[in-house]
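In what follows, a single structure is set out as structure tokens and then discussed.
Numbering (the working numbering), first residue to last: 20 to 125.
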């Protein structure tokens with residue numbers, strides 16, 4: 020189910036970026052822009068917008084687990100994980116060995 024939803028969102032992102040590039044291409048063509056430059060502009064718009072949408076989709080489907088200890092920068096990013104896998108990595112982030120800087124009490 021998640022795989023089907025991810026494919027649909029990816030196809031939607033490609034469709035949106037292509038439609039935006041076509042709209043920009045039509046507007047530029049009305050100004051008499053040469054075909055080679057028009058193609059370059061449309062392809063760059065498609066690449067930029069689809070890259071942005073893919074990053075947003077990736078961010079939406081990624082879970083980040085961090086250590087709650089102050090000053091610790093340990094984190095785990097999990098993409099498309101199930102409930103059991105999320106729980107497992109959450110526990111690992113909570114119980115990972117903390118690095119010490121030699122300032123702990125003896």
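Think of the CB as a built atom: it goes at the ideal place given N, C-alpha and C, for glycine as much as any other residue.
Here residue 69 is buried, its C-beta having at least 16 other C-beta atoms within 10 Å. With a contact defined as Cβ atoms closer than 8 angstroms, residue 36 and residue 72 qualify at about 6 angstroms. The Cβ atoms of residue 40 and residue 61 lie closer than 8 angstroms to each other. For residue 93, same chain residues with a beta-carbon under 6 angstroms away, outside a window of 5 residues either side, are 86, 115 in chain order. Here residue 84 is not near residue 102, since their CB atoms are 8 angstroms or more apart.
Cβ-Cβ distances below 6 angstroms link residue 96 to 81, 83 in the same chain, with the five nearest sequence neighbours on each side left out; the list follows chain order.
In the structure shown, the three-state DSSP call for residue 35 is helix. Residue ranges of uninterrupted alpha helix (DSSP H) with 4 or more members, entirely inside the stretch 28-113 and ordered along the chain, are 54-79.
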